[in-house]
Amino acid sequence: MRKRITSLLLTLVMLLSLASALGGTASAVSGEKEVNSYAELKAALEGNAYYIKLNRDIDTMYEFPHGLTPDDVISISSKAHTLDLNGKTLTLRTKSDINSGAMAYIDLVDSELIIKDSLGGGQIRLYQSSKWSIPMILVRSESALYMTGGKLTSIANGKNTPGQTLFHNAGDLEIQGGELYCTDRDDNVNITEKDGVLEFGDDTCYAIYSNPKAGKEVNIEGGKFTGVLRFEVNPDNKNVTTISGGTFKSHVGFFADRGILDGAFHISGGTFSTVGLYKKWNEYWNAGLHDARHTILAISGGTFDEFNVCLNDDYWIRANKTCPYPAFQITGGTFKWLEINILMNETTEELAQYYTAEAFRHILDGSCVNIKGKTYIADNIYEAMTYYYDTDTNLHVYEFPLYSATITPAGDQENVEIRLDGKSIKCSRDEPADMVYLDNSTAHTLTFQWSPMSQVLQDAGYSYVIDLTGTTPDRGKVTSGIGSKLTQHTVTIPAGAATGEYIFDLCLSKKKDGSIIEPSSSHYIVHIYVKETPKPDPVLTGRIYHPSAIVYGSPISTVLTGLPEGLSEADLSYQWQRRYSLGYDWDDIKGETNRSYTPTAEDIGENTYLRVTVTAKGYTGQLAGSFLRVSKASNDKEPVWPQLQPEKDGSGQFTGFRILNWKDDQEYVYTTTQTEGWPEDAVPISSEAVTGLTPGSTCFIYTRCKGTDTIKEGVRTGSGTVLLADPENLYKLVLSRNGRPYADYGKGNTIFLKKGESVTLDVSMNPANANKWQRFTFKPEWVDTVPQYTVTTSTGSNVVNQNQAVTSITITGKETGFTSLSAEYPGYPAPNRYGSWSVLVYEDPAEIGTNADIRVTPSSLPDVTLRPGEKLDPPEYAVSVFPEGAMGNYRYEWRVLEENTGASPGSSPTRQVTDNGYLSVDPKTGAVTALKPHPEDVSAYYKTVGLCVVNQAGNPLPGFLVSYQAAVTETEIELAGLHISHEKLRMGVDATYQLTAVKDPANAPGDITWTSSNPAVADVDKFGIVTAVAEGSAVIKASCGGKEATCTVTVELSAGHNPFTDVAEDAYYRDAVVWAVNQGITSGTSATTFLPDGICTRAQAVTFLWRAAGAPAPKSASMPFTDVPKGSWYYDAVLWAVEQDITKGSSAATFSPDVNCSRGQIATFLWRSAKSPAAGTANPFTDVKADAYYADAVLWAVKEGVTNGSSATTFSPDVDCSRAQIVTFIYRHMTK
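Numbering (our numbering), first residue to last: 1101 to 2332.
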């Protein structure tokens, strides 16, 4: 307010200076007004004049002979004025019959008024002619009154009639000088004393009556005051009254109401006649204001003729236990008469003496009282008081009527600070500090520090006696006497200290004349709970790879390496997952939780991937295998060879052919040149008939089994040849053995024949219906006979005549060797053939060697990708050889191709090795180990791994019987994200907590780093250990590879700390559990567990309620229940619950303490503990019937927000109530 008024005054000065500069008089300036009559004054104050000066004495009797009426008062609204009395007198006279309809003679509404007297001797005099007490000036509604000079006088109508000079209803009030005067016509202020108590009546004359609202201020720095000053503070405002100077000739009264929160009175200077602190209305301060939340009257200086206060024990003994603020404090000042009376109903003089010291400890706040040269402190002030026991009232009375008492700050304040590991913890005198939780991973230092005794007290003969006592969990005792001159003491709790509760009690006592002053001892108690360092589950480590090809229908095996020592297969859990494109989420494959997995059709696709994740009991995180692409299964099925027939077109030309035994599950192609195996550039055949070909040409038809979504195309090829000519003419002969045709070209063309044995082969025609051919002979090519074999046909010789039917031939081995067999007929210039084959006659199969018919099943293997260090077991395969035993002089081994950089021109650019620098292969088992990726393409550089034939010298023969491509890549396991152990965490100051973050998967690359958004509140080290530093909030972030996970840490005083590992920070019952522990309602099932899902018994539920009510002692000793034994831990709780009508038992004689408590029962207990208030009208629950005993209780609980039900429509009244639910119900009820 002062800044606001000062700004206004500066503005006025500037304007006056401007007027002078313009050459005009002050009165000529717009807004400045000199007034000569009341009418002019009223017009100026209600107008826009900002500076108003009385130019002469004004008396309203000349303008209003019969006195002022309510219509004549001055009402200043939304203005700002300075009123200069200018040494003149303004006399206001009221009409004798004026009533209370007038608010005041000068009424300030949303305005500012400065009253000054530039010449001195100016005043405003009000003569009341009415019995009504109408103030001269009323300050209200956001107004401000500032007074620096002049005199305001209000004279009441007669003897014992009321008067008011200034009524302060709202706004700000500041008085720096001048005088306020209010009496009746006999100079009385009309307050009386009755039985030692001052009474303020309807006839009291007030110089100032202040009852402001809305947080306004009263500031008195000087001036003279005659008449009562009354200052009030109410629960609904936050106003402050400050007196730092002035002379107060009459009584100054400070009035307060119940429930004061922020209002206060402060006296730091001035000269006072009498001062009193009152409760509204008209009583000295006493127990009625024990719910004050601030010091209402604080005196730090001034001179007082008389100060009186009377206290009874209700406030000091009971309320002050929870209220840290005394009703009043005196820390300075000189008192001619100081009277403080304390009335107590304690049972002994010693207790009365103790509570007297308690009262003065609050009142003096470390100051001392000097009386007749002797110095007293709060602890021995009773020595200066008169004590007696009043038998009429049964009260202990301490009277403190003293002359010439001087109160000065003496430093009688211990100012104890307790630091734990360098950080302060909250503590209060004679009140145990909140429990502090520590772990025993490191040593902890507890330091007690206090102020030295002031020199004033030392000079008066006082000294300290200091002791530290305590207990430890291992029943150790801590006892230490501390020198009286010391100001600090340190205790160390070593690393590895025993777990449990540590209690330390610092006791400061005062000694004088060789004796300890009773009850001067101050106890500062610290409770510390030391627990084992929390050990989070270790993170699972290891690698996963799959030592088998990833093929449809074939089980995928899984190998884990690098697992923590001691893990067994029983500790591991597997989950196979699938996703349909990179970047998509992985979906669990339902039911696939075994180590091995057999891919299905759903696993095959261009962008479809598999992986397995592994978790372990007792470990956090999971391992993830590589992304797997599933290959189709190989197809070694032998196709049905085609039977072919040429066909004519409409003109009679042979321009096509037909496949007579067409198979829908086989694919067909044709070429006009013969090739071995499946031709790459052949023409596909889509139906059994092919047309549009060149007459007379030869077509070679090839077939194999079709591929499917899960199986590759067949690797076995069948073939046939057709001549586009008259189908009656033979084109080719087909020889077969046991249904297997001999190829007419390349591999599979050789007829193996053991010396001395005969083989009969079936003969068929191509085309099948040919019936015309020339005479031909089965014989070696180019010669008539060879020594290796003889041949006869079903015709009886080796000759088949023209058009003669033939169905078989028999070949007999004679001599070993390699030769040929031909169905030859004459031609020019060389013979023609209906077919030709190779013949190998052997005696020992080993002689055949690599000429044998060697087949590998499967005939193709899927490609694989490995990471460095991974190992792939050999694929399953089988080798068949015909004739059997032909490969007796050879063996099969595995090799990998290597670039033959030093090869000579014309030689092979590759060679077969067991180690090419990127892959190594075990030649015997075929197991492949990835060594390193190729530098040209680290993502996938494929090398051929194959099964080859090795001769007796150990040299591999060129080519592979079967092979696959293997790549080595450094592509890491994809980091999908981070998971943090807690998303929210509440901690007490100085507490530590181990957060853990786990990569998903745990074997993804990268290191986790930890940071805090606000290390001043909560800091974190590189291991994730969070330390709570100060109250506030911080976000702890774990980061790795662009992924983040955060935990919001709220640091509170230790009362908010959650000591339980099984109570999650984001659990709905978290706050309720912590509250219940702090209130002593429950202590958990152990120091670190609460068991929130445990079921509560009826005894536990009633005990919780009893403790929440303060554990009151039952009034009765008669237990109605036979099943509640005396001395049981719940005995008093049940007895109290019966007295409070909370329970009637399970029967007239039983309580059933061990029976589980249902949700309906706890709701009823709570409702009855609240005295069965009216229930809600809305019943949202279908399972709560209107006639149920718990119906009203449940509806009340819903209305009060105690419960929301088990769902939107159910309450589940018969379901057992868990420990978490019960403490939550009680918490919501007690803190709503």
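Virtual Cβ for every residue (Gly too), placed ideally from N, Cα, C.
TODO: Measure the Cβ-Cβ separation of Thr2161 and Thr2185 and say whether it is below 8 Å.
DONE: Taking 8 Å as the Cβ cut-off, Thr2161 and Thr2185 do not qualify as a contacting pair.
Task: Chain-order list of residues whose beta-carbon lies under 6 Å from that of Gly2141 (same chain, five-residue window excluded) - done: So the qualifying residues of the chain are Leu2075 and Gly2106.
Open item on the list: Quick check on the DSSP output: the beta strand (DSSP E) that includes Met1247 runs from which residue to which?
Closed with: From DSSP, the beta strand (DSSP E) with Met1247 extends over Ala1244 to Met1247.
Open item on the list: Can you list, in chain order, the residues of its chain with a C-beta nearer than 8 Å to that of Arg2319? Leave out the 5 residues immediately preceding and following it.
Closed with: Within the same chain, Thr2182, Phe2190, Leu2191, Pro2192, Asp2193, Gly2194, Ile2195, Cys2196 and Gln2200 come within 8 Å of Arg2319 by CB-CB distance, once the 5 residues on both sides are set aside.
Task: Cβ neighbour criterion (16 or more within 10 Å) applied to Gln1753 - done: It counts as exposed.
Task: Continuous beta strand (DSSP E) stretch holding Asp2100: start and end - done: Per DSSP, Asp2100 belongs to the beta strand (DSSP E) from Ala2097 to Asp2100.
- [ ] List the residues that DSSP assigns as beta-bridge partners of Asn1735.
- [x] Its beta-bridge partners are Gly1814.
- [ ] With DSSP collapsed to three states, give me the class of Pro1664.
- [x] If DSSP states are grouped into helix, strand and coil, Pro1664 belongs with coil.
Open item on the list: Whole angstroms are fine: how far does the CA of Asp2100 sit from the CA of Gln1722?
Closed with: Rounded to whole angstroms, Gln1722 to Asp2100 spans 7 Å at the Cα level.
Task: Tyr1285 (DSSP reduced to helix, strand or coil) - done: The identity of residue 1285 in the sequence shown is Arg, whereas the question assumes Tyr. Under the three-state reduction of DSSP, Arg1285 is assigned to coil, being neither helix nor strand.
Task: For Tyr1770, the first and last residue of its enclosing alpha helix (DSSP H) - done: From DSSP, Tyr1770 is part of no alpha helix (DSSP H) but of the beta strand (DSSP E) over Gln1766 to Thr1771.
Open item on the list: What does the Cβ neighbour count give for Leu1760, buried or exposed, with the cut at 16 atoms within 10 Å?
Closed with: Exposed is the call here.
- [ ] Using the DSSP secondary-structure output, state which residues sit across from Ser2112 in a beta bridge.
- [x] Ile2136.
Task: Collapsed DSSP secondary structure at Glu2165 in the structure displayed - done: It is coil, neither helix nor strand.
TODO: Answer yes or no: do Asp1184 and Ser1218 have a C-beta to C-beta separation smaller than 8 Å?
DONE: Contact flag set, yes.
Open item on the list: Just to confirm, is the Cβ distance from Thr1326 to Ala1307 under 8 Å?
Closed with: Inclusion of Thr1326 and Ala1307 in the CB contact set at 8 Å is warranted, their separation being smaller than that value.
- [ ] Whole angstroms is fine: what's the gap from Pro1867's alpha carbon to Gly1839's?
- [x] Their backbone Cα atoms lie some 18 Å apart in a straight line.
- [ ] Note down, in chain order, each residue of its chain lying with its Cβ closer than 7 Å to the Cβ of Thr1984, except the 5 sequence neighbours on either side.
- [x] For clarity, residue 1984 is Glu in the given sequence; the question names Thr instead. Cβ within range, chain order: Pro1945.
TODO: Compare the beta carbon distance of Leu1972 and Val1891 with 8 Å and say whether it is the shorter of the two.
DONE: Here Leu1972 is not near Val1891, since their CB atoms are 8 Å or more apart.
Open item on the list: Check for me: the alpha helix (DSSP H) holding His2082 runs from which residue to which?
Closed with: Counted as a single uninterrupted DSSP element, the stretch harbouring His2082 is not any alpha helix (DSSP H), since DSSP gives it neither H nor E.
Task: Option in Ser2306, Thr2303, Gly2301 and Ala2274 with minimal Cα separation from Asp2292 - done: Among Ser2306, Thr2303, Gly2301 and Ala2274, the Cα nearest to that of Asp2292 is on Ala2274.
Task: Asn1319 (DSSP reduced to helix, strand or coil) - done: For Asn1319, the secondary structure class from DSSP, reduced to helix, strand or coil, is strand.
Open item on the list: Less than 6 Å between C-beta atoms, sequence neighbours within five positions excluded: which residues of the same chain meet that for Asn1420?
Closed with: Residue placement at Asn1420 cannot be trusted, given a pLDDT of 35 that sits under 50; what the coordinates show is reported in the next sentence. Excluding positions up to five away in sequence, the list is empty.
TODO: Determine the contact status of Tyr1537 and Gly1570, defining contact as a CB-CB distance below 8 Å.
DONE: No. Outside cutoff.
Open item on the list: Rounded to the nearest angstrom, what separates Glu1828 and Asn1871 at their Cα positions?
Closed with: Glu1828 and Asn1871: Cα-Cα distance of roughly 5 Å.
- [ ] Under 6 Å Cβ to Cβ from Val1340, same chain only, skipping five residues before and after it: list those, please.
- [x] Closer than 6 Å at Cβ, skipping near neighbours: Glu1317 and Ala1364.
- [ ] Work out the CA separation of Ala1733 and Thr1808 for me, nearest whole Å.
- [x] A direct Cα-Cα distance of roughly 9 Å separates Thr1808 from Ala1733.
- [ ] Starting from the Cα of Gln1549, find the closest Cα among Gly1777, Thr1572, Ala1543 and Leu1586 and give me that residue.
- [x] Taking the Cα of Gln1549 as reference, the smallest distance to any Cα among Gly1777, Thr1572, Ala1543 and Leu1586 is reached at Leu1586.
Open item on the list: Taking only three categories from DSSP, how would you classify Ser2318?
Closed with: Ser2318: strand per DSSP, three-state reduction.
Open item on the list: Suppose contacts are defined by Cβ-Cβ distances below 8 Å. Is Thr1885 in contact with Val1906 by that definition?
Closed with: Going by C-beta atoms, Thr1885 is not nearer than 8 Å to Val1906.
Open item on the list: Would Asp2241 and Arg2198 be called neighbours here (beta carbons separated by less than 8 Å)?
Closed with: Cβ distance not < 8 Å, so Asp2241 and Arg2198 don't count as in contact.
Open item on the list: Bridge partners for Asn1866 per DSSP, in chain order?
Closed with: According to DSSP, Asn1866 bridges with Lys1832.
Task: Paired residues, beta bridge with Thr1808 - DSSP - done: Paired residues: none, contrary to the question.
Task: Closest by C-alpha distance to His1589, when choosing among Gly1600, Arg2170, Val2050 and Cys1607 - done: Taking the Cα of His1589 as reference, the smallest distance to any Cα among Gly1600, Arg2170, Val2050 and Cys1607 is reached at Cys1607.
Task: Cβ-Cβ distance between Thr1169 and Lys1142 below 8 Å - done: No, the Cβ-Cβ distance between Thr1169 and Lys1142 is not below 8 Å.
Task: Residue span of the alpha helix (DSSP H) that contains Ile2262, given as start and end - done: For Ile2262, the uninterrupted alpha helix (DSSP H) run begins and ends at Arg2259 to Ser2269, by DSSP.
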